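Okay, structure first, notes after.
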Amino acid sequence: MAVKLKENERLDDLQRNGYRIIQHPDKFCFGMDAVLLTGFAQARREDRLLDLGTGTGIIPILMEAKYHCAHLYGLEIQPDSADMAARSVELNGLSDKIDILTGDIKEADLIFPSASFDCVTCNPPYMIGSHGIVNPDAPKAIARHEICCTFEDVAAQTAKLLKPGGHFFLVHRPFRLAEIMTTLVKYKLEPKRMQLVYPYVDKEPNMVLLEAVRGGKSRMCVEKPLIIYQEPGVYMPEIYEIYGY
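Below you can see the structure in the form of structure tokens.
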């Protein structure tokens, strides 16, 4: 299906089902963290899935390609990103499977019915105000820093929107792991599975992948570490598999 690109936009091949995605390099492009999250997450054909802060729609598009969920939704506060996501959905012929909505994560429970999703995914902003340099470009700043919402906002809304026993999948930074765990437990999103991601085998982890279950019992599995590179420029075999190469 032909979709018109706007100025400075580009089409990227997702290496899955022939799907492509529209991105704007001067605004915000998806990163490896979003792709790794879809490799870590699990879903069923009958599931309804919501991606909070969907950006340009990478997570619902890849989750549809992998699991063919019954229906997927992406919620994005930035109209330009939501527009790119919606056009990517149309481009891939997925308009009957994926809906992109423009809205605030903090008001997600006013947009969607309570306890209406089997799965929620989120690649949230990692940095709070005191962490790192805030990008002067607004779209990138909103994606990377907790400007429009906090992790507690994400957890609170997820707890309202997930069905009992529903699954929450997220990617974040290890330096905030203690805060993340206590916040999840506060909202009765019990951490069940965790995987640390390392750039190289001898480096510190720079990402953490987590699965929590609404109302789950207290027991967590820590999976073997995921290593990105075996040497500069060469991925480990697991990464090529996640990317679909």
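So the sequence shown is numbered by the numbering used here: it starts at 35 and just counts up by one. Glycine included, C-beta positions come from ideal geometry on N, C-alpha and C. Owing to the predicted nature of the structure, the values given are computational and were not obtained by experimental measurement.
*Give the straight-line distance between the Cα atoms of Ser-129 and Asp-236, rounded to the nearest whole angstrom.*
44 Å
*asked:* Would Gly-278 and Gln-49 qualify as a contact pair, given that the criterion is a beta-carbon distance under 7 Å?
replied: yes
_Close-in-space but distant-in-sequence residues of the same chain around Thr-90 (CB under 7 Å, 5 per side omitted)_ = Ile-55, Ile-56, Gln-57, Phe-64, Ser-115, Met-118, Ala-119, Ser-122
*Roughly how many whole angstroms lie between the Cα atoms of Tyr-263 and Tyr-232?*
8 Å
_Candidates Asn-51, Lys-61, Tyr-53, of which the one nearest Asn-42 by Cα_ = Lys-61
*Assigned exposure category for Asp-81 - 16 Cβ within 10 Å defines buried*: buried
*Going by beta carbon distance, what residues of the same chain come within less than 8 Å of Lys-197, once the five residues before and after it are set aside?*
Ala-149, Ser-150, Phe-151, Asp-152, Arg-248
*Complete beta strand (DSSP E) runs within the segment 87-135 (minimum length 3 residues, chain order)*: 105-110
_Beta carbon of Asn-51 nearer than 7 Å to that of Ala-104_ = no
*So Ile-276 is in the beta strand (DSSP E); what residue range does that whole segment cover?*
Segment 271-277 is the alpha helix (DSSP H) holding Ile-276; no beta strand (DSSP E) there.
*Near Asp-187, what residues of its chain come up, given a Cβ to Cβ distance below 8 Å and the 5 sequence neighbours on each side ignored?*
Ile-139, Lys-140
*Answer yes or no: do Thr-155 and Ile-93 have a C-beta to C-beta separation smaller than 7 Å?*
yes
*Would you mind working out which of Met-270, Ile-273, Met-228, His-201 sits nearest Lys-258, comparing C-alpha positions?*
Met-228
_Other residues of its chain near Leu-71: CB distance less than 8 Å, five sequence neighbours each side excluded_ = Ile-93, Thr-155, Asn-157, Phe-203, Leu-204, Val-205, Leu-243
*Near Glu-265, what residues of its chain come up, given a Cβ to Cβ distance below 6 Å and the 5 sequence neighbours on each side ignored?*
none
*Do you know whose CA, among Asp-67, Asp-47, Ala-36, Met-254, lies nearest Pro-239's CA?*
Asp-67
_Which residue marks the beginning of the beta strand (DSSP E) containing Ala-246, and which one marks its end?_
241-248
*Assign Thr-216 to one of two classes, buried (16 or more other C-beta atoms within 10 Å of its C-beta) or exposed (fewer than that).*
exposed
*For Lys-131, which residues from the same chain have a beta carbon less than 7 Å from its beta carbon, with the 5 sequence-adjacent residues on both sides left out?*
Glu-98, His-105, Leu-106
*Under the DSSP definition of a beta bridge, which residues are partnered with Asp-81?*
Paired residues: none, contrary to the question.
*With burial defined as no fewer than 16 other Cβ atoms inside 10 Å of the residue's Cβ, what is the status of Cys-255: buried or exposed?*
exposed
*Would you mind working out which of Val-268, Gly-137, Leu-135, Gly-250 sits nearest Lys-220, comparing C-alpha positions?*
Gly-250
*Coil, strand or helix - Arg-210 by DSSP*: helix
*Can Ala-142 and Leu-109 be called in contact, C-beta distance under 7 Å?*
yes
*Whose CA, out of Ile-134, Ile-261, Asp-47, Phe-185, lies closest to the CA of Arg-210?*
Phe-185
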